[in-house]
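Asker: In terms of my numbering, the sequence shown opens at residue 28 and continues consecutively. Heads up, the beta-carbon is just placed ideally off N, CA and C, and yes, glycines get one too. The structure is given below, and queries will be raised subsequently.
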Amino acid sequence: MDPSILQLTAKHRIDGLFDPALTEWDDFSGRWSVAFESSTDNAIGIFKVSSTREAIGTFLTTTGDYRYLAGRVDGNLMRLSAFDGAHAFLFHAKMLDDGTIKGDFWSGNWWHETWTAFRDDDAQLPDAFRETSITDESKLGDMVFKDLEGIPTRVLDLLDESGAKARVIEVFGTWCPNCADAGRELVDMRAKYGDDLAVVGLAFEVTEDFDRSVRQVKRYEERMGSDWPILVAGLSDKAKASEALPVLDRVRSYPTLIFLNERNEVEAVYTGFSGPATGDAYTEQRARFEAVIEKLIRE
Numbered sequence: 028m029d030p031s032i033l034q035l036t037a038k039h040r041i042d043g044l045f046d047p048a049l050t051e052w053d054d055f056s057g058r059w060s061v062a063f064e065s066s067t068d069n070a071i072g073i074f075k076v077s078s079t080r081e082a083i084g085t086f087l088t089t090t091g092d093y094r095y096l097a098g099r100v101d102g103n104l105m106r107l108s109a110f111d112g113a114h115a116f117l118f119h120a121k122m123l124d125d126g127t128i129k130g131d132f133w134s135g136n137w138w139h140e141t142w143t144a145f146r147d148d149d150a151q152l153p154d155a156f157r158e159t160s161i162t163d164e165s166k167l168g169d170m171v172f173k174d175l176e177g178i179p180t181r182v183l184d185l186l187d188e189s190g191a192k193a194r195v196i197e198v199f200g201t202w203c204p205n206c207a208d209a210g211r212e213l214v215d216m217r218a219k220y221g222d223d224l225a226v227v228g229l230a231f232e233v234t235e236d237f238d239r240s241v242r243q244v245k246r247y248e249e250r251m252g253s254d255w256p257i258l259v260a261g262l263s264d265k266a267k268a269s270e271a272l273p274v275l276d277r278v279r280s281y282p283t284l285i286f287l288n289e290r291n292e293v294e295a296v297y298t299g300f301s302g303p304a305t306g307d308a309y310t311e312q313r314a315r316f317e318a319v320i321e322k323l324i325r326e
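And the structure:
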């Protein structure tokens with residue numbers, strides 16, 4: 028079976044995502060410092076609960092966000108879920124007597140872990156511009172991957188052909204919802220900065236079937252409305268992606284954005300992406316991207 032296919036069944040309903048259980052309920056609204064069982068990195072939970080107990084929110088992590096989650100609160104239990112075509116998520120959050128949260132997280136039918144949280148209005152993630160470092164900038168010149176016609180193509184040649192002063196190498200996957208959010212942001216910034224901003228995409232896909240990857244990339248281009256070249260760079264496994272990109276200390280997240288000047292010198296590397304579901308974090312991230320791009324254009 029294609030590893031990108033998830034079997035599912037669906038039932039139409041109009042009365043909410045979860046059946047109501049109790050008339051009294053705890054208020055989960057606010058900003059929470061979150062620790063997932065599988066990670067040593069802290070995360071942030073942002074939740075809003077309406078007067079009718081409908082809940083929305085997301086989790087921000089060092090590799091990206093969980094996008095739009097929705098559900099409801101019953102008693103001391105909040106349930107949130109999402110299905111975006113690539114991931115099926117379910118979160119349970121139980122409010123304890125001391126005001127902290129003990130929760131469960133399921134992804135599809137293959138992953139479960141626990142998580143805990145406490146209220147923290149000042150919770151912040153590490154700076155995404157400081158998470159990934161450049162190990163050997165000279166390796167940029169050795170980055171050669173196949174274009175959609177199967178022709179080996181040098182990444183820096185594509186950037187040089189653009190003549191742009193600000194340049195971005197987008198490390199992504201067509202299977203990755205956070206990458207789709209980042210792709211839409213790049214489309215918007217390309218429209219704003221025009222020929223002063225060039226983008227080259229490096230697609231890391233779920234199989235080694237080149238023809239399948241090309242089909243996925245073409246669908247992605249059509250859906251995003253992107254106008255930049257995309258090369259098929261390899262498998263999405265992060266260890267293998269790190270081997271394919273020795274210029275980085277390692278690939279931590281999809282997407283990863285590498286910002287370069289017109290001399291193809293690295294200005295910055297941004298790890299992950301906070302999508303529109305994150306609210307202020309998304310707005311602030313866009314401002315930081317534009318600050319880097321406009322600095323490169325002025326040089």
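Check Asp264 in the structure and name its three-state DSSP category.
Answerer: What you label residue 264 is simply residue 237 of the sequence shown in a count that begins at 1. Asp264: coil per DSSP, three-state reduction.
Asker: Going by other Cβ atoms of all chains shown within 10 Å of its Cβ, with 16 needed for buried, is Thr141 buried or exposed?
Answerer: The count along the sequence shown starts at 1 and reaches residue 141 at position 114. Its Cβ having fewer than 16 others within 10 Å, Thr141 is exposed.
Asker: Tell me the DSSP secondary structure of Val233 in three-state form.
Answerer: Position 206 of the sequence shown, counting from 1, holds the residue named residue 233. Three-state result, Val233: coil.
Asker: Going residue by residue through the segment 208 to 254, where are the continuous beta strand (DSSP E) segments of at least 3 residues, counting only ones entirely within it?
Answerer: 224 to 232
Asker: Mapping DSSP to helix, strand and coil, what is Ser65?
Answerer: Numbered from its first residue, the sequence shown carries residue 65 at position 38. Annotated three-state conformation of Ser65 is coil, per DSSP.
Asker: My understanding is that His114 touches Gly130, with C-beta atoms under 8 Å, so please give their C-beta distance in whole angstroms.
Answerer: Residue 114 sits at position 87 when you count from the first residue of the sequence shown. Residue 130 sits at position 103 when you count from the first residue of the sequence shown. Between Gly130 and His114 the Cβ distance is about 17 Å, and since that is not below 8 Å, they are no contact.
Asker: Looking at Glu158: is its Cβ nearer than 8 Å to the Cβ of Thr89?
Answerer: Indexing the sequence shown from 1 puts residue 158 at position 131. Indexing the sequence shown from 1 puts residue 89 at position 62. Cβ distance < 8 Å, so Glu158 and Thr89 count as in contact.
Asker: Roughly how many angstroms lie between the CA atoms of Lys166 and Leu175, to the nearest whole one?
Answerer: As a first step, residue 166 must be located in the sequence shown, where it is residue number 139. As a first step, residue 175 must be located in the sequence shown, where it is residue number 148. C-alpha separation (whole angstroms): 23 Å.
Asker: Among the candidates Glu270, Asn205 and Glu289, whose CA atom is the shortest distance from the CA of Thr305?
Answerer: Stepping through the sequence shown from its first residue, residue 305 is reached at position 278. Of the residues Glu270, Asn205 and Glu289, the one whose Cα lies closest to the Cα of Thr305 is Asn205.
Asker: Cα-Cα, which of Asp149, Asp222 and Cys203 is closest to Phe110?
Answerer: For the purposes of this step, residue 110 is taken as the residue at position 83 of the sequence shown. It is Cys203 whose Cα lies nearest to the Cα of Phe110.
Asker: If I measure Cβ to Cβ from Ala266 and keep anything under 6 Å in the same chain, skipping five residues before and after, which residues do I get?
Answerer: The sequence position of residue 266 within the sequence shown is 239, counting from 1. Around Ala266: no qualifying Cβ.
Asker: Mind checking if Arg242 is an interface residue toward chain C, Cβ cutoff 8 Å exclusive?
Answerer: No chain C appears in this structure, which consists of one protein chain only.
Asker: Just the C-alpha distance for Leu107 and Asp53, rounded to the nearest angstrom, thanks.
Answerer: Taking the sequence shown and counting its residues from 1, the one referred to as residue 107 is at position 80. Taking the sequence shown and counting its residues from 1, the one referred to as residue 53 is at position 26. Each residue's Cα considered, the two are about 15 Å apart.
Asker: Let me confirm a value: Leu185 is counted as buried when at least 16 other C-beta atoms fall within 10 Å, else exposed. Which label applies?
Answerer: Sequence index remark: in the sequence shown, residue 185 carries index 158 (1-based). Per the 10 Å Cβ criterion, buried.
Asker: Closer than 6 Å by C-beta to Met105: which residues in its own chain qualify, once you throw out the five before and the five after it? Chain order, please.
Answerer: The sequence position of residue 105 within the sequence shown is 78, counting from 1. Hits under 6 Å: Phe55, Ala82 and Ala120.
Asker: Between which two residues does the alpha helix (DSSP H) containing Thr310 stretch?
Answerer: Your numbering for residue 310 matches position 283 in the sequence shown. First-last of the alpha helix (DSSP H) with Thr310: Asp307 to Arg325.
Asker: Tell me whether Lys245 is buried or exposed, calling it buried when 16 or more other Cβ atoms sit within 10 Å of its Cβ.
Answerer: Start at 1 with the first residue of the sequence shown, and residue 245 comes out as number 218. Classification of Lys245: exposed, given that the 10 Å Cβ count is below 16.
Asker: Does the distance from the C-beta atom of Val259 to that of Ala268 stay below 8 Å?
Answerer: Locating residue 259 in the sequence shown gives position 232, counting from the first residue. Locating residue 268 in the sequence shown gives position 241, counting from the first residue. The answer is no: Cβ separation not under 8 Å.
Asker: Just verifying my parser: in three-state terms, what is the DSSP assignment at Ser77?
Answerer: Residue 77 sits at position 50 when you count from the first residue of the sequence shown. Three-state DSSP puts Ser77 in coil, outside helix and strand.
Asker: From the DSSP output, which residues share a beta bridge with His139?
Answerer: Indexing the sequence shown from 1 puts residue 139 at position 112. His139 is bridged to Trp133.
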